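Encoded as structure tokens, the structure appears first; notes follow it.
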Amino acid sequence: MPNPADDSTQMVEENTVLLSLHEVSPAYEDAIVTSYDRLKDLGIDSYTLLVTPLLEWKRNLSFEKHPMFVDYLLSLDLEISLHGYSCTTKSGRPEEFKNLDKKQTASRLRRGLKSILSNFGIKPSGFVPPGWKAPKRLKNALGNLGFAYYAVGNEIFSLSSGNSYSTVDTIISEKTKEPLLEESIVETEIGGPLQIGLHPLDCKRTKMYDLIEELVDRLDYRFLGYQDYLDRELKHGETTP
Numbered sequence: 075m076p077n078p079a080d081d082s083t084q085m086v087e088e089n090t091v092l093l094s095l096h097e098v099s100p101a102y103e104d105a106i107v108t109s110y111d112r113l114k115d116l117g118i119d120s121y122t123l124l125v126t127p128l129l130e131w132k133r134n135l136s137f138e139k140h141p142m143f144v145d146y147l148l149s150l151d152l153e154i155s156l157h158g159y160s161c162t163t164k165s166g167r168p169e170e171f172k173n174l175d176k177k178q179t180a181s182r183l184r185r186g187l188k189s190i191l192s193n194f195g196i197k198p199s200g201f202v203p204p205g206w207k208a209p210k211r212l213k214n215a216l217g218n219l220g221f222a223y224y225a226v227g228n229e230i231f232s233l234s235s236g237n238s239y240s241t242v243d244t245i246i247s248e249k250t251k252e253p254l255l256e257e258s259i260v261e262t263e264i265g266g267p268l269q270i271g272l273h274p275l276d277c278k279r280t281k282m283y284d285l286i287e288e289l290v291d292r293l294d295y296r297f298l299g300y301q302d303y304l305d306r307e308l309k310h311g312e313t314t315p
């Protein structure tokens, strides 16, 4: 079971899903279009696009080679955040940042930031590492580069306010497999807040969208992107005496 938030961490509001679509890359262009349409049909219009600038180090998947896809993503008016640079190590292993030293980590983050700035013309809001796993040394590098937040495991850290938030579980679907949902479903019955990371290929599968439909229709969950939730919390804090 996930560890509860410590005393310095606030629990995300009940009946809330922090939703993202990860591995956003030209590799999955058609699936991303379908994913957007499916979420729109469910009435979900706030979530985070987690963009991977050079998925699996394949040059043909660079966004500079796919300007029409970039224009499409920008037209959705959704939050764009950085999701690693390639999602894998150069040898193809997962956990892209695990074995990088401080200097290599900063360099990799700068490359990702530069790619989004040059191709999308905007700065990514935050950073979510591949697999939601990253070493603690990322924090200073992200702060120095001006990212507003990052998420690791069940926790979301606001670098702009210094606040941190926690969910009871993080459900991540992958290219080759869907996650086990049994423990997460138990949490949803009592309104536990979640992070859900959809993979573009989930649009061709049933499990994740069945879960989302259940959360929308029966359990009355609200869905928000990371930055939308943090902005809402900041506004709430400003109006609370």
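Taking this note's numbering, the leading residue of the sequence shown gets 75, the next gets one more, and so forth.
Every residue gets a Cβ at the ideal spot worked out from N, C-alpha and C, and that includes glycine.
All values derive from a computational prediction rather than experimental measurement.
Separation of I270 from H96, as counted between CA atoms: 10 angstroms
Minimum C-alpha distance to L285 - residue among E252, Q301, A222, K210: E252
Neighbourhood of T90 by C-beta, 6 angstroms cutoff - its chain only, sequence neighbours within 5 removed: P267, R296
Backbone CA spacing between K164 and I196 [nearest angstrom]: 27 angstroms
For D243, the residue or residues it bridges with in DSSP: L268
Alpha-carbon to alpha-carbon, D243 and M75: Unreliable positioning characterises M75 in this predicted model, as indicated by a pLDDT of 37, which lies under 50. The coordinate reading is nonetheless provided below. Cα to Cα, the separation comes out at about 8 angstroms.
Delimiting residues of the beta strand (DSSP E) encompassing Y223: 223-226
Exposure of I264, with buried meaning 16 or more beta-carbon neighbours within 10 Å: exposed
Top-ranked residue by Cα proximity to D180, from V202, R211, L191: The question names Asp, yet the displayed sequence has Ala at residue 180. Nearest of V202, R211, L191 to A180, Cα basis: R211.
S160 beta carbon less than 8 angstroms from that of L128: yes
Continuous alpha helix (DSSP H) stretch holding V107: start and end: 103-115
Euclidean distance between Cα positions of K309 and V98: 29 angstroms
N-terminal and C-terminal residue of the beta strand (DSSP E) that S155 is part of: 153-156
Per-residue burial, V202 [other beta carbons within 10 Å of its own, 16 or more giving buried]: buried
Inter-residue Cα distance where the pair is Y300 and W206: 13 angstroms
Buried or exposed by the 16-neighbour rule on C-beta atoms within 10 Å, applied to M142: exposed
Cα-Cα separation between R133 and G200, rounded to whole angstroms: 24 angstroms
Helix, strand or coil at G186 according to DSSP, with G and I counted as helix: helix
Sequence-distant residues of its chain with Cβ nearer than 6 angstroms to N77 (five each side left out): Annotation note: pLDDT 45 at N77 (below 50); position unreliable, coordinate value reported separately. Correct list: empty, nothing qualifies.
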